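Okay, so here's the structure we're looking at.
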Amino acid sequence: MKAFLSSTVAASALAFALFAAPAANAQDAKPSSDAGSYQPDPDAKEGGSIIVTYKDDVSTLDPAIGYDWQNWSMIKSLFDALMDYVPGTTELRPALAESYDISEDGTVFTFHLKKGVKFHNGREMTADDVKYSLDRVTNPKTQSPGAGFFGSIKGYDDVAAGKADHLKGVEVVDPQTVKITLSRPDATFLHVMALNFASVVPQEAVEKWGADFGHHPVGTGAFKLADWTIGQQLVFQKNEDYWRDGVPYLDKITFEIGQEPIVALLRLQKGEVDIPGDGIPPAKFREVMSDPEQKARVVEGGQLQTGYITMNVTMPPFDKKEVREAVNMAINKDRIVQMINNRAIPANQPLPPSMPGYDKSFEGYKYDPEKAKEMLGEAGFPDGFETELFVMNTDPNPRIAQAIQQDLSEIGIKADIKALAQANVIAAGGAKDQAPMIWSGGMAWIADFPDPSNFYGPILGCAGAVPGGWNWSWYCNEDLDKEAAKADSIVDPAKKDERDKMWSDVYAKVMADAPWVPIFNEQRFTMKSPRMGGADNLYVDPVHIPINYDYVYVNDVQ
Numbered sequence: 005m006k007a008f009l010s011s012t013v014a015a016s017a018l019a020f021a022l023f024a025a026p027a028a029n030a031q032d033a034k035p036s037s038d039a040g041s042y043q044p045d046p047d048a049k050e051g052g053s054i055i056v057t058y059k060d061d062v063s064t065l066d067p068a069i070g071y072d073w074q075n076w077s078m079i080k081s082l083f084d085a086l087m088d089y090v091p092g093t094t095e096l097r098p099a100l101a102e103s104y105d106i107s108e109d110g111t112v113f114t115f116h117l118k119k120g121v122k123f124h125n126g127r128e129m130t131a132d133d134v135k136y137s138l139d140r141v142t143n144p145k146t147q148s149p150g151a152g153f154f155g156s157i158k159g160y161d162d163v164a165a166g167k168a169d170h171l172k173g174v175e176v177v178d179p180q181t182v183k184i185t186l187s188r189p190d191a192t193f194l195h196v197m198a199l200n201f202a203s204v205v206p207q208e209a210v211e212k213w214g215a216d217f218g219h220h221p222v223g224t225g226a227f228k229l230a231d232w233t234i235g236q237q238l239v240f241q242k243n244e245d246y247w248r249d250g251v252p253y254l255d256k257i258t259f260e261i262g263q264e265p266i267v268a269l270l271r272l273q274k275g276e277v278d279i280p281g282d283g284i285p286p287a288k289f290r291e292v293m294s295d296p297e298q299k300a301r302v303v304e305g306g307q308l309q310t311g312y313i314t315m316n317v318t319m320p321p322f323d324k325k326e327v328r329e330a331v332n333m334a335i336n337k338d339r340i341v342q343m344i345n346n347r348a349i350p351a352n353q354p355l356p357p358s359m360p361g362y363d364k365s366f367e368g369y370k371y372d373p374e375k376a377k378e379m380l381g382e383a384g385f386p387d388g389f390e391t392e393l394f395v396m397n398t399d400p401n402p403r404i405a406q407a408i409q410q411d412l413s414e415i416g417i418k419a420d421i422k423a424l425a426q427a428n429v430i431a432a433g434g435a436k437d438q439a440p441m442i443w444s445g446g447m448a449w450i451a452d453f454p455d456p457s458n459f460y461g462p463i464l465g466c467a468g469a470v471p472g473g474w475n476w477s478w479y480c481n482e483d484l485d486k487e488a489a490k491a492d493s494i495v496d497p498a499k500k501d502e503r504d505k506m507w508s509d510v511y512a513k514v515m516a517d518a519p520w521v522p523i524f525n526e527q528r529f530t531m532k533s534p535r536m537g538g539a540d541n542l543y544v545d546p547v548h549i550p551i552n553y554d555y556v557y558v559n560d561v562q
């Protein structure tokens, strides 16, 4: 996301708390889709509606394509996958699967589907839909930024290369059973099957709408799209035929588009808005936190997030490692953290501190403008050069970009800031020759699932360095890809430390090539109106970034 980003500064694809991926070495069938530690909220009330605001419009609601923080939670409420998480946690549970079996060697997963699950169009879902959806998301014609997540499924390489139009490893056993065979053990596979990209879609709806399916989504989720007026609003309506009993609680959600964050905050204070989707405006953060009444409505949560600058290694002069190293040394990260009211800590590597594989002993590149100047000279740029820095145009990101611009100017680099809407920055990053540098704030990476591999494949691995992908540095090191695959083949929990060390080594080698400048790791803050009910962790839900709409409710239902 996740990819999904914080409600205040950084935004990605997605955030998850620290939990180990389950070991895939058991034969026992796992429990039903309502398994897990979640207990229904006894205070929950059914009915009512809420208003959520956003500054920018949503780019798509197609689960195979949507990959930013703004649409991630929306998509999760419209669609389901075989796996899911207990609300507000990273505890895996079956979803569209009633149960599943895993072979002894951890390479064959057999999913037994729930019966009677219906798409929003009224048709019952079957195993053929699961296969179609996985074939679709991995087909290069779909241009899914999440295709690489499914790289361990047998036959993926042929599909990715255009040599096949379906995954050999996905087999329909019968209408209620699908078997997925991997080409190698994959410690993250069940997490992958809980991603939005693994959502099950009906073939007839995709073929009817074609490229416009993202504006006419049809899923099995708790809500269905009732209206989308581009640039104005989206309206979600409760799915009365939802397969999970008791939810959703809300009858309707209206997402109002075009609301500046400060205006949204004022409307929240007046009782006109229930959730300001873009979070607390940085300029108002101290004011909000110093007011007991407003602070009581603030929800804070940790996240596995890193905000960073990408440098496109295929575009001169960033094709020179010395130039990239010089940029790493030029940025004053402490000053940037102060700009966001110290709601983050400076970063020196891709992984955030609470992620397995984070190397506490790693020092990274120290802030040293003089050394940076020397390195530019050695690289053949004693007088610096001109470049462009792309940035999302929501505060405080343009201000952070200006700080980066000033730091770069100190070593002779003149960076022209391109402040654009989120969708435009994402598009530029996904084009190989458009964005030499990007400040990822507003789109920064939050883990799609709580495993160190997630900070590699989609944003640093070769699989993500494709048109429409999220590897905006276009960095591709095939040797590191092999090391990453080797780490992910370790599924034995007893070897967790060994696997974490392997990932630490991978990220150390990434930083030696310097395709990024890691800037900070941030906390996430959001707000809710007094009428909103539900546990706080649903408003900073680890997988429904930013909100788990399925389980929140209002207290003033008549």
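Each residue of the sequence shown is one higher than the last, beginning at 5 in our numbering.
A virtual CB, placed ideally from N, CA and C, is assigned to each residue, including glycine.
Computed from a prediction, not measured in an experiment: that's the story for all the values here.
Classification of residue i by the beta-carbon crowding that lies within 10 angstroms, buried from 16 upward
i: Q31; result: The predicted model places Q31 with a pLDDT of 39, which falls under 50 and marks its position as unreliable, so this point remains unresolved.
i: D452; result: buried
i: P265; result: buried
i: P400; result: buried
i: L542; result: buried
i: E128; result: exposed
i: F322; result: buried
i: E367; result: exposed
i: G461; result: buried
i: Q410; result: exposed
i: G538; result: buried
i: P456; result: buried
i: E102; result: buried
CB-CB length for residue i against residue j, believed under 8 Å
i: V204; j: D133; result: 5 Å
i: N345; j: F289; result: 5 Å
i: A405; j: A432; result: Rounded, the Cβ-Cβ distance is 14 Å, inconsistent with contact.
i: G52; j: V561; result: 4 Å
i: G281; j: D84; result: Not really, about 22 Å apart at Cβ, beyond 8 Å.
i: P440; j: M319; result: 5 Å
i: F529; j: V302; result: 6 Å
i: Y369; j: E329; result: 7 Å
i: K228; j: N243; result: 5 Å
i: P356; j: D338; result: Actually they are not in contact, since the Cβ atoms of P356 and D338 sit about 17 Å apart, beyond 8 Å.
Cα-Cα separation, residue i to residue j
i: G388; j: S413; result: 9 Å
i: E297; j: Q43; result: 30 Å
i: V395; j: K135; result: 38 Å
i: F459; j: S508; result: 12 Å
i: T2; j: T111; result: Residue 2 lies beyond the residue range present for the chain, which begins at 5 and ends at 562; the question has no answer from this structure.
i: K490; j: D483; result: 11 Å
i: E211; j: P98; result: 28 Å
i: P179; j: A131; result: 5 Å
i: Y89; j: V251; result: 15 Å
i: D190; j: L65; result: 28 Å
i: K34; j: L194; result: With a pLDDT of 49 at K34, under the threshold of 50, the predicted position of this residue should be treated as unreliable, though the coordinate-derived value follows. Cα to Cα, the separation comes out at about 12 Å.
i: L138; j: D496; result: 26 Å
i: M343; j: P546; result: 26 Å
i: E291; j: V514; result: 40 Å
i: N559; j: L254; result: 11 Å
i: P26; j: I106; result: Low confidence applies here, because P26 scores a pLDDT of 37, under 50, leaving its location unreliable; read the following figure in that light. Each residue's Cα considered, the two are about 11 Å apart.
i: G214; j: E208; result: 10 Å
i: G155; j: A202; result: 13 Å
i: N552; j: D540; result: 10 Å
i: I69; j: P149; result: 6 Å
i: E487; j: S365; result: 21 Å
i: V141; j: A198; result: 14 Å
i: N525; j: G120; result: 43 Å
i: G218; j: Q147; result: 13 Å
i: A28; j: D109; result: Because A28 carries a pLDDT of 35, less than 50, the predicted location of this residue cannot be relied on, and the following value inherits that uncertainty. Answer to the nearest angstrom: the Cα atoms are 8 Å apart.
Identified DSSP bridge partners for residue i
i: P350; result: F524
i: I257; result: I54 and F240
i: S103; result: H116
i: T314; result: I442 and W520
i: F453; result: Bridge partners of F453: none, in fact.
i: R97; result: D88
i: D178; result: T181
i: G396; result: The residue asked about is misnamed: residue 396 is Met in this sequence, not Gly. In the DSSP output, where bridge partners are listed per residue, M396 has L424.
i: T391; result: A419
i: K228; result: Q241
i: Y557; result: G537
i: Q309; result: I450
i: G233; result: The amino acid at residue 233 is misidentified as Gly; the sequence shows Thr. DSSP, once it has assigned bridges, lists Q237 as partnering T233.
i: I279; result: V56
**OP:** Please confirm if the region 230–237 is in contact with the region 175–183, defined as three or more CB-CB distances below 8 Å between the two stretches.
**Re:** By the criterion of at least three beta-carbon pairs nearer than 8 Å, the region 230–237 is not in contact with the region 175–183.
Original post:
Between the region 509–528 and the region 473–480, do three or more beta carbon pairs fall short of 8 Å?
Top reply: Short answer: they touch.
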